[in-house]
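Have a look at the structure below, then the notes.
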Amino acid sequence: MTTTTSAKPRIALERRNVVNALVANRGNDLLAIAGIGSPCWDLAASGDHPMNFYLNGAMGSAAAIGLGLALAQPKKRMLVITGDGELLMSLGILATIGVAAPKNLSVVVLDNEVYLETGAQPTHTGRGVDLAAVARACAIRNAETVYSQAELDAALPKIREADGPVFTVVKILPNKAKLVIPPLEATYTKHRMREALTGKP
Amino acid sequence: MTTTTNGATDWRDQIYDIFRENGVRHVAHVPDGGHAKLIKRCEADPEMTTVTLTTEEEGVGMLIGSWLGGTRGALLIQSSGVGNCMNALSVLKHGKFPILMIVSMRGEWGEGMPWQVPMGQATREVLEAMGVIVYEVERDSDVHATIEAATWLSFDSSVPVAVLLAQRLIGTKKFVAA
C-alpha cells in the first residue's frame with residue numbers, strides 16, 4: 106500500500122475567533138442570520154444583538170432566509186453564518202442566490218468538515234466536495250475558501266463590504282466551543298428585528 | 361363576481377391586483393402552468409421582486425427573511441412542491457410568521473398522471489399538520505374573495521395561509537400520446 110500525502114493546507118482557525126471577527130465593530134447596518142447548531146452558539150457568544158436571527162431549526166434554510174432579508178433590506182449588509190452540513194442540505198440555494206444576485210448578501214460557511222452536533226461524523230466537504238467551486242459554478246463569482254488567519258484578514262473586508270453575493274468558506278478546526286444559548290423564541294427575535302428595522306413589530 | 365380596483369375579471373389578473381393592493385412585494389415561485397400568467401404579471405412589475413427557486417423549500421425560507429425585513433411575500437407553487445416544504449414550515453408555526461402560499465393543484469379532479477395523485481391527495485392534510493390554514497377555491501367567481509381573505513388573514517393575523525387552486529378551476533392537464 107502506498108501512502109499519499111494530502112495537499113490540503115493545514116486547518117488552524119478556531120470558530121469563535123472567526124465569528125467574532127466577522128461581526129466585529131458592527132452597527133445596526135449589519136444583519137446576521139446564524140444556521141442551526143454551533144453557528145447559533147457562536148453568534149450568541151459574539152454578543153446578542155437585535156439584528157441577529159438565530160435559526161435553531163429548519164436545517165438548510167439559513168441562506169434562503171438571508172436571501173429574503175437581503176432583498177427586503179438592500180441598504181443593510183446581510184451576513185449569513187452557517188455550517189457545512191447545513192448548507193449541504195440545500196445546495197440549490199446557491200443557484201437561486203447566484204441568479205437573484207443581491208449585492209448586499211454575504212454567506213460564510215464555517216466548514217469543520219464534520220457534523221459536530223451529532224458526534225463529528227464526516228461531511229462531504231472533507232471528502233472532495235468544494236463548496237466555493239459549487240458557488241462559482243452557480244454564478245456567484247466572488248467565492249473563495251479561507252484556511253489561515255492571514256487569508257481571513259484579507260477576506261473580511263470583502264465579506265463585510267464587497268459587492269455581493271459574496272460566498273466564503275472558512276475552514277475551521279472541528280472543536281466544540283462553550284455552549285452559549287441565544288434567545289430561543291423566534292417570536293421574540295422576529296419582533297425584535299422587525300421593530301429595529303421598520304419601527305413596528 | 362367582485363372585481364379588483366383595476367376592474368380585472370380574469371382570476372389570474374385579480375390575484376396580481378390583490379398583491380398590489382395589499383403590499384405583497386416579494387414573489388417566489390417554482391414555475392407551474394397554473395401560475396404562468398400570474399408569474400409574468402409579477403415579473404413585469406418593477407416594484408415587485410420575483411425570484412425563481414430551485415425547490416419550494418427555499419421559498420419558505422426566503423419569505424421568512426422577507427418578513428423579518430418588513431416585506432410581504434407570496435409563494436407560488438404546485439401541490440407536489442408542498443411536500444418539499446415540510447421542515448421549513450416548522451419555522452412559520454414556531455415563530456408565528458405569515459406567508460401566503462398559492463398552490464396550483466394536481467392529482468385530484470380528473471388527473472391523468474398517476475404519479476401526481478399521492479401528493480395531490482395529501483396536500484391539504486400535510487399543510488394542516490404543519491399549522492398552515494388552508495382555503496380551497498374551485499370556481500373563478502370565488503378566486504377574488506378567497507385570495508383577498510387569505511391575504512388579510514395571513515398578514516393581519518400573522519399566520520401561514522395556503523390557497524389551493526383546484527384543478528376544476530385551472531383545468532385538468534390531459535396527457536395524449538402523439
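Respectively, the protein sequence lines represent chains H and D.
For what it's worth, our numbering labels the leading residue of the first sequence as 106, then goes sequentially.
For what it's worth, our numbering labels the leading residue of the second sequence as 361, then goes sequentially.
Quick reminder that beta carbons are idealized off the backbone N, C-alpha and C, glycines included.
Problem - Residues that Ile245 (chain H) contacts on chain D, provided the C-beta gap is smaller than 7 Å - result: None at all; the shortest Cβ gap to chain D is about 14 Å.
Handout entry: In chain order, each alpha helix (DSSP H) run of at least 4 residues that lies wholly inside the segment 229–271 of chain H
Key = Listed in chain order, they are 236–242, 254–266.
Practice task
Flag this pair as yes or no: are the beta carbons of Glu541 (chain D) and Ile437 (chain D) separated by less than 7 Å?
Solution key: Limits of chain D in this structure are 361 at one end and 538 at the other, which puts residue 541 (chain D) out of reach.
Practice task
Work out the CA separation of Pro391 (chain D) and Cys402 (chain D) for me, nearest whole Å.
Solution key: 13 Å
Exercise for the section: Report the residue from H:Arg241, H:Met156, H:Ala163, H:Lys276 whose alpha carbon sits nearest the alpha carbon of Gly132 (chain H). Expected result: By alpha-carbon distance to Gly132 (chain H), the top candidate from H:Arg241, H:Met156, H:Ala163, H:Lys276 is H:Met156.
Exercise for the section: Report the neighbours of Thr415 (chain D) on chain H: residues whose CB is nearer than 7 Å to its CB, in chain order. Expected result: Gly197
Practice task
Evaluate Glu218 (chain H) with the Cβ neighbour count: other Cβ atoms within 10 Å of its Cβ, from every protein chain shown; 16 or more gives buried, anything less gives exposed.
Solution key: buried
Handout entry: Nearest residue (CA-CA) to Pro287 (chain H), options H:Ser151, H:Val124, H:Thr187, H:Val123
Key = H:Ser151
Practice task
Tell whether a beta-carbon distance below 7 Å holds between Ile198 (chain H) and Ala168 (chain H).
Solution key: yes
Practice task
Run down chain D in chain order and give the residues with a C-beta less than 9 Å from the C-beta of Arg299 (chain H).
Solution key: Trp427, Leu428, Gly429, Gly430
Practice task
Ignoring anything shorter than 3 residues or poking outside the segment 415–494 of chain D, list the beta strand (DSSP E) runs there in chain order.
Solution key: 432–438, 459–464
Handout entry: Inter-residue spacing [alpha-carbon to alpha-carbon] between Gly203 (chain H) and His389 (chain D)
Key = 16 Å
Practice task
Give the residues of chain D in contact with Thr303 (chain H), contact being defined as C-beta atoms less than 7 Å apart.
Solution key: Gly430
Handout entry: First through last residue of the beta strand (DSSP E) which encompasses Met298 (chain H)
Key = Not the beta strand (DSSP E): Met298 (chain H) falls in the alpha helix (DSSP H), residues 291–303.
Exercise for the section: Please list the residues of the segment 168–179 of chain H that have a C-beta atom closer than 8 Å to any C-beta atom in chain D, keeping them in chain order. Expected result: Ala168, Ala169, Ile170, Gly171, Leu172, Gly173, Leu174, Ala175, Leu176, Ala177, Gln178
Handout entry: DSSP beta-bridge partners of Asn125 (chain H)
Key = According to DSSP, which records beta bridges pairwise, Asn125 (chain H) is partnered with nothing at all.
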